[in-house]
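Encoded as structure tokens, the structure appears first; notes follow it.
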Amino acid sequence: MKTYLFTSESITEGHPDKICDQIADSILDEALRQDPSSKMAVECTIKDDFVLIYGEANTKAQIDYEAISLQTIREIGYEETYHVHVKVNKQSNEINQAVVHEGDELGAGDQGIMFGYACDDTDNYMPAAIDYAHQLAKRLSDVRRTSDILLPDGKTQVTVEYENDRVKRIDTIVVSTQHVKQASQEEIADLIMKEVIQKVIDPKLVDADTKYLINPSGSFVLGGSFGDSGTTGRKIVVDTYGGMGRIGGGCFSSKDPSKVDRSAAYYCRYVAKNIVAHQLARKCEVQVAYAIGKAQPVSIMVDTFGTGTKTDAEILSIIKRNFNFEVANIIKELDLCKPIYKKTACYGHFGRNEFTWETIKDLK
């Protein structure tokens, strides 16, 4: 019997990298709200009280970058005074002309490779470690908003023990949370155990040997951008499958759906989830690759890791009969030109039924 441990982490909305992801996607949402054809790649970097907004935009929208940035930071829960510097240029005409062709055919916004993954670990077809880590991070954030001792920055981590590729138990849970100076570590540990861990984790998955590490570094008062710097797109593994599935290398936040780094990764998850949901495999990974300006992918690959009820070649044929990876179709089928992206910026882009790419459809 093969036994192994696998670990994934998540972070709360108050982590400096996630501050930046939320600002970038809030800007994207505002552009799409005013002009659904907006082409955006506007990112964010933050350190202490300094916020830099930079990138390229091709949009008819009138965007107050400073106001959106400050409002996002306030909504997260930080009350310090921040100073916003903006350096946003118009998107290169060469890129724009390559992406939007005559007759309005839409080509890929860049070259690149994208992956989608699904497995039967959980009801939402996500790997167990990242799914539980996200649930803990979201619960930590919810509890923090009603607590007088917790602050916005935080991390979670879950180690799952597998036996013969099936989830057996949870071996270790780590929760680190920013807090007010006067709070004791005992007080914090009691709150986190009762109101976060025990509210999220199925008691059947823990046992006497499960380890709980709550604020293992001790005091965590200085957090957010004053404790670390942040930049859009630095948490690709957190945003996807916690390391269980491969990643293409391109981040999601800030990018409009013409950027296949985002839209095609969503579509690959959509395809992989449907393969597993229809019990064609216990695990499925889909890779797709594009060339800039080309509407059709240059390659599509499927790997079911030996768990398929059919061969990978047969499953690829099923995929090609049921799914269209053309850029314009991805955007249309998943309805991606709407201001939906700020919601994706925290607690994972996958495994959440509110998003169209999590839909299970009938297969031919």
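Here the working numbering is used: the first residue of the sequence shown is -14, the next is one more, and so on.
Backbone N, C-alpha and C define an ideal beta-carbon position, used for all residues, glycine too.
None of the values given here were measured: they were computed from a predicted structure.
Problem - Exposed unless 16 or more other CB atoms sit within 10 angstroms - verdict on F335 - result: Within the sequence shown, numbered from 1, the residue matching residue 335 stands at position 350. F335 should be labelled buried.
Problem - Neighbourhood of A330 by C-beta, 6 Å cutoff - its chain only, sequence neighbours within 5 removed - result: Taking the first residue of the sequence shown as 1, we reach residue 330 at position 345. The residues are D6, Q7, D10 and S238.
Practice task
From the DSSP output, in three-state form, read off I345 for me.
Solution key: Position 360 of the sequence shown, counted from the first residue, corresponds to residue 345. Note: I345 maps to coil in three-state DSSP.
Handout entry: Every unbroken beta strand (DSSP E) inside the segment -9 to 34 [3 residues or more]
Key = 24 to 32
Practice task
May I ask you to report which of helix, strand or coil DSSP gives D41?
Solution key: Here residue 41 corresponds to residue number 56 of the sequence shown, with the count starting at 1. The sequence as given places Glu at residue 41; Asp does not occur at that position. It is a strand residue.
Problem - Through-space distance from H0 to D138, alpha-carbon basis - result: Here residue 138 is taken as the residue at index 153 of the sequence shown, counted from 1. Here residue 0 is taken as the residue at index 15 of the sequence shown, counted from 1. Cα to Cα, D138 sits roughly 5 Å from H0.
Practice task
Check whether the Cβ atoms of G230 and F(-9) sit closer than 9 Å, and answer yes or no.
Solution key: Against the sequence shown, residue 230 aligns to sequence position 245. Against the sequence shown, residue -9 aligns to sequence position 6. Contact flag unset, no.
Handout entry: Alpha-carbon to alpha-carbon, I38 and E15
Key = Counted from its first residue, the sequence shown places residue 15 at position 30. Counted from its first residue, the sequence shown places residue 38 at position 53. So the alpha carbons of these two residues sit roughly 15 Å apart.
Problem - Paired residues, beta bridge with L135 - DSSP - result: The sequence position of residue 135 within the sequence shown is 150, counting from 1. For L135, which the question treats as bridged, DSSP gives the partners H164.
Practice task
Would you check if the segment 16 to 30 and the segment 165 to 172 touch, i.e. whether three or more CB-CB distances between them fall below 8 Å?
Solution key: no
Exercise for the section: Please go through the same chain and pick out, in chain order, the residues whose beta-carbon is closer than 8 Å to the beta-carbon of K3, but skip the five residues on each side of it. Expected result: Counting from 1 along the sequence shown, the entry for residue 3 is found at position 18. Cβ neighbours of K3 beyond the five flanking positions: I(-4), T(-3), G215, K220, A330 and C331.
Practice task
Would you check if there are 3 or more beta carbon pairs closer than 8 Å linking the segment 257 to 272 to the segment 290 to 301?
Solution key: yes
Practice task
Quick one: grab the DSSP three-state call for E87.
Solution key: If you number the sequence shown from 1, residue 87 lands on position 102. Per-residue confidence for E87 stands at a pLDDT of 44, beneath the threshold of 50, marking its modelled position as unreliable; the derived number appears in the next sentence. Looking at E87 - three-state DSSP - the assignment turns out to be helix.
Problem - Local conformation of A274 per DSSP, three classes - result: Walking along the sequence shown from the start, residue 274 turns up at place 289. Strand at A274.
Problem - Pick from T30, T57, A52 and K24 that is closest to N43, judged by C-alpha positions - result: What you label residue 43 is simply residue 58 of the sequence shown in a count that begins at 1. Taking only the C-alpha atoms, the option nearest N43 is K24.
Exercise for the section: Name the one or two DSSP bridge partners that D192 has. Expected result: Residue numbering aside, residue 192 sits at position 207 when the sequence shown is read from its first letter. Bridge partners of D192: none, in fact.
Exercise for the section: Given a cut-off of 9 Å, decide if S(-7) and Y252 are closer than it, judged by their beta-carbon atoms. Expected result: Taking the first residue of the sequence shown as 1, we reach residue 252 at position 267. Taking the first residue of the sequence shown as 1, we reach residue -7 at position 8. Taking 9 Å as the Cβ cut-off, Y252 and S(-7) do not qualify as a contacting pair.
Problem - Secondary structure of F211, DSSP reduced to three states - result: Against the sequence shown, residue 211 aligns to sequence position 226. F211: helix per DSSP, three-state reduction.
Exercise for the section: Take D213 as the anchor and find which of V27, F35 and E28 has the nearest alpha-carbon. Expected result: For this step, residue 213 is matched to residue 228 along the sequence shown. Looking at the Cα atoms, F35 is the closest of the given residues.
Practice task
Please report how far the alpha carbon of L135 lies from the alpha carbon of D127, in whole angstroms.
Solution key: Looking up residue 135 in the sequence shown gives position 150. Looking up residue 127 in the sequence shown gives position 142. The straight-line gap from Cα to Cα measures roughly 10 Å.
Practice task
Measure the alpha-carbon distance for I304 versus G92 and round it to whole angstroms.
Solution key: Within the sequence shown, numbered from 1, the residue matching residue 304 stands at position 319. Within the sequence shown, numbered from 1, the residue matching residue 92 stands at position 107. If I take the Cα positions, the gap works out to 21 Å.
Handout entry: Where the alpha helix (DSSP H) through C104 begins and ends
Key = For the purposes of this step, residue 104 is taken as the residue at position 119 of the sequence shown. It is not in any alpha helix (DSSP H) - C104 instead sits in the beta strand (DSSP E) that spans G97 to C104.
Practice task
To the nearest angstrom, report how far apart A52 and R247 are at their CA atoms.
Solution key: As a working mapping, residue 52 is identified with position 67 in the sequence shown. As a working mapping, residue 247 is identified with position 262 in the sequence shown. The straight-line gap from Cα to Cα measures roughly 25 Å.
Exercise for the section: Taking only the alpha-carbon atoms, compute the straight-line gap between L121 and S161 and give it to the nearest angstrom. Expected result: For the purposes of this step, residue 121 is taken as the residue at position 136 of the sequence shown. For the purposes of this step, residue 161 is taken as the residue at position 176 of the sequence shown. Answer to the nearest angstrom: the Cα atoms are 11 Å apart.
Practice task
Measure the alpha-carbon distance for I73 versus D49 and round it to whole angstroms.
Solution key: Along the sequence shown, one-based indexing puts residue 73 at 88. Along the sequence shown, one-based indexing puts residue 49 at 64. The sequence as given places Val at residue 73; Ile does not occur at that position. About 12 Å.
Exercise for the section: Inspect the beta-carbon positions of V222 and Q163 and report whether they are closer than 9 Å. Expected result: By one-based count along the sequence shown, residue 222 stands at place 237. By one-based count along the sequence shown, residue 163 stands at place 178. In this structure, Q163 does not lie closer than 9 Å to V222 by Cβ.
Handout entry: Own chain residues within Cβ distance below 7 Å of A257, not counting five before or after
Key = Against the sequence shown, residue 257 aligns to sequence position 272. Cβ within range, chain order: G101, Y102, A103, C269, E270 and V271.
Practice task
Quick one: grab the DSSP three-state call for E65.
Solution key: Here residue 65 refers to the residue found at position 80 of the sequence shown. Here E65 sits in coil by DSSP.
Handout entry: Opposing strand residues paired with V36 [DSSP bridges]
Key = As a position in the sequence shown, residue 36 is number 51, starting the count at 1. I31 and V69.
Problem - Proximity to V71 [Cα-Cα], best of E60, G40, Q96 and P112 - result: On the sequence shown, position 86 is the one that residue 71 refers to. Answer by Cα proximity: G40.
Handout entry: Counted within 10 angstroms of its Cβ, other Cβ atoms place Q56 as buried (16 or more) or exposed
Key = Counted from its first residue, the sequence shown places residue 56 at position 71. Q56 is exposed by the Cβ-count criterion.
Practice task
Alpha carbon to alpha carbon, how far is T344 from N338? Give it in angstroms, no decimals.
Solution key: Taking the sequence shown and counting its residues from 1, one reaches residue 338 at position 353. Taking the sequence shown and counting its residues from 1, one reaches residue 344 at position 359. Looking at the two C-alpha atoms, the distance is approximately 7 Å.
Practice task
Find the nearest neighbour of M178 within the set P188, K166, I199 and V191, judged by alpha-carbon distance.
Solution key: Along the sequence shown, read from residue 1 onward, the residue named residue 178 stands at position 193. Checking every option, the nearest Cα to that of M178 belongs to I199.
Exercise for the section: Look at the Cβ atom of A276, then the Cβ atom of I98, and state whether they are nearer than 9 Å. Expected result: What you label residue 276 is simply residue 291 of the sequence shown in a count that begins at 1. What you label residue 98 is simply residue 113 of the sequence shown in a count that begins at 1. No; because the gap between Cβ atoms is not below 9 Å, this pair is not in contact.
Practice task
Determine, using beta carbons only, whether D106 and D116 come nearer to each other than 9 Å.
Solution key: Taking the first residue of the sequence shown as 1, we reach residue 106 at position 121. Taking the first residue of the sequence shown as 1, we reach residue 116 at position 131. It is a contact, given that the beta carbons lie within the stated cut-off.
Problem - Under 9 Å between C-beta atoms of K153 and T341 - result: As a working note, residue 153 is residue 168 in the sequence shown. As a working note, residue 341 is residue 356 in the sequence shown. Taking 9 Å as the Cβ cut-off, K153 and T341 do not qualify as a contacting pair.
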